[in-house]
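This report refers to the structure that appears directly beneath it.
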Amino acid sequence: MVKAGQIFSALIVHISPSIDRERGEGGSSSRSSSPRPPRVSLPHSHVGHIPRSLASPGGDHHSKTLSQGSSDMIYIYDLSSKEGHRSGLRLGERVTLIVDNTRFVVDPAIFTAQPNTMLGRMFGSGRDNNFTRPNEKGEFEVADGISSTVFRAILDYYKSGIIRCPDGVSIPELREACDYLCISFNYSTIKCRDLSALMHELSNDGARHQFECYLEEMVLPLMVASAQSGERECHVVVLTDDDVVDWDEEYPPQMGEEYSQIIYSTKLYRFFKYIENRDVAKSVLKDRGLKKIRLGIEGYPTYKEKVKRRPGGRPEVIYNYVQRPFIRMSWEKEEGKSRHVDFQCVKSKSTTNLAAAAADIPQDQLVVMHPPGPQVDELDTLPQQHSASSNKDFF
C-alpha cells in the first residue's frame, strides 16, 4: 500500500513547475546527488537542501522549505488530506507567489476560504478579472514591501486562523503587513510574546474608535456652536464631572478663558490623561480635515480664592487652577490671508489742495493745470553745459 509521504513526494514532483524549471535539460538536478538523511522543516525554520524523493513518510508537517541558492528559496505550504477533505477545499491546483525573492507554492483554495482578505479576492471567483497578472513563468509577485519571514507567518492564518509573531519581527511591522493584506489585527488572531507591544497596538485601535465616538457626541456640537456664531476656531477645555467653575463677575480671570468652551466629562478627562491617546486624537482630527490642532494639559481657573491689594490700591485676584486637558483646532481656509493687510489697496485720504477740499471733489478726479514752460530744444542746452563746464575748468 502506498504511503502518504510517497504521495506527497510525487505531488511535489509533478505540480511544482517553478521547481522543475530549475532542473537541467538532461533531467539531472543542480543539487548534489549524494545520499542524505531526510530533513523535515518545522514552520518558520530554515532548512537546507531537501531532495524531492526524501519526504518524511509519516510526518504531520504541512510546510517544507527548499533552497536553490543563496538568494532563491522555495517554501511549499500544503494542507493535509484530512484537513482538505474536512474543510471541503479542492486539492491539486498550485500557484507560486513571489515575496521578498522567496517563492511560496500554495494551494489557492486556502485563500478563497477567507474571501475578505486581499489574497482571497485575488484568487476568488473574480480571478479572471483580477488586476494581478502572473509573470512569464506563471508566478504571482505579491505583497511588495513585506518580508518573507512575515509572509510565512501570515500564511498560518489561512490554515489555523492565528498569526504567531516571529522572533525579530516588531509588532508594527506585522500590523502593517496585516493591514496591507486586509487581515484583522486583534487579540484572537495575533499571538505575540511581547505583550506590551501588542497591547499598545490594540490600545491605539481602541483609542481611535473611542475618540471618534467622543468627537461626534461631545466635541462636534461645540464646534457647530462656534461656527454658528461666526467663529472659525474652537478651544475646548475638558473638566471632570465634579469640577465647579465659579468666577467672580467683578474680577474675572484675565487670561481669555471666557472664550473657551467646557465639556464636563470624567471619561473624556481620563481618556486624554495618556499622551498616546492625545496623539491618536490629534491624528483623527487631522484626518477629518481640521488644522492648527493642539492637544495638551493646561491650568484652568475654577473659583476665586482671594483678592490682594497691590500698592496703589489696585486689586489682584488669585484663582484656584486645576490641570485639565484642552483641545484647540481651526477650520479656517484662508488663515494666511486673514492676518495680511494689502497696503496697495488703501488710498490716502489726505489732500493738499484746499480748493478741492472745499468743493469736496475726489482727489483722483482732480485735474491740475500747470502753465506751459518755455520750450527749449535739447541741443540748445549742450553748449551751455559745455561752457559751464569749461568755465569751471578755467577757474
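Residue numbers for the sequence shown follow the working numbering, so the first one is 136 and each next one is one higher.
Heads up, the beta-carbon is just placed ideally off N, CA and C, and yes, glycines get one too.
In this text the structure is predicted, and so the values were computed from the model without any measurement.
Beta strand (DSSP E) runs wholly inside the region 242-287, at least 3 long, in chain order: Runs found: none.
Check whether A312 and I281 have beta carbons under 8 Å apart: It is a contact, given that the beta carbons lie within the stated cut-off.
Stretch pair the region 413-422 + the region 443-450: three plus CB contacts closer than 8 Å: no
Alpha carbon of D314 to alpha carbon of M253, nearest angstrom: 10 Å
Buried/exposed call for I410, threshold 16 Cβ in 10 Å: exposed
Candidates K402, L403, R405 and V379, of which the one nearest V455 by Cα: For the sequence presented, residue 455 should be read as Asn rather than Val. V379 is the residue among K402, L403, R405 and V379 whose C-alpha sits nearest the C-alpha of N455.
Three-state class that DSSP yields for Q363 in the structure shown: Annotated three-state conformation of Q363 is helix, per DSSP.
Expected contact under 8 Å - CB spacing of L309 and Y322 to nearest Å: No, L309 and Y322 are not in contact; Cβ-Cβ is about 14 Å, not under 8 Å.
CB contact flag (F286, I233, <8 Å): no
Enclosing alpha helix (DSSP H) for P307 [first to last residue]: I306 to Y315
Other residues of its chain near G370: CB distance less than 8 Å, five sequence neighbours each side excluded: According to the sequence as given, residue 370 is His; it is not Gly. Correct list, in chain order: Y394, S395, Q396, F461, I462 and R463.
Outcome for Q389 when other beta-carbon atoms lying within 10 angstroms are tallied against a minimum of 16: exposed
Cβ distance (whole Å) where G381 is taken to contact Y438 below 8 Å: A small correction: the amino acid at residue 381 is Asp; Gly does not occupy that position in the sequence shown. Rounded, the Cβ-Cβ distance is 4 Å, consistent with contact.
Buried/exposed call for C327, threshold 16 Cβ in 10 Å: buried
Residue environment, P450, which counts as buried when at least 16 other CB atoms sit within 10 Å: exposed
The alpha helix (DSSP H) enclosing K421, as first and last residue numbers: I410 to D422
Where Q458 falls: helix, strand or coil (DSSP): strand
Under 8 Å between C-beta atoms of P301 and T284: yes
Candidates G296, W466 and N412: closest to F346 by CA position: Taking F346 as reference, the option from G296, W466 and N412 with the minimal CA-CA separation is N412.
Closest by C-alpha distance to I297, when choosing among F258, G303, Q249 and A278: Nearest of F258, G303, Q249 and A278 to I297, Cα basis: Q249.
Short Cβ contact (8 Å threshold) for V452 with Y399: no
Unbroken alpha helix (DSSP H) run spanning K426, endpoints: Run containing K426: none in the alpha helix (DSSP H); it sits in the beta strand (DSSP E), K426 to R444.
CA nearest to the CA of V354, picked from N236, A416 and K272: A416
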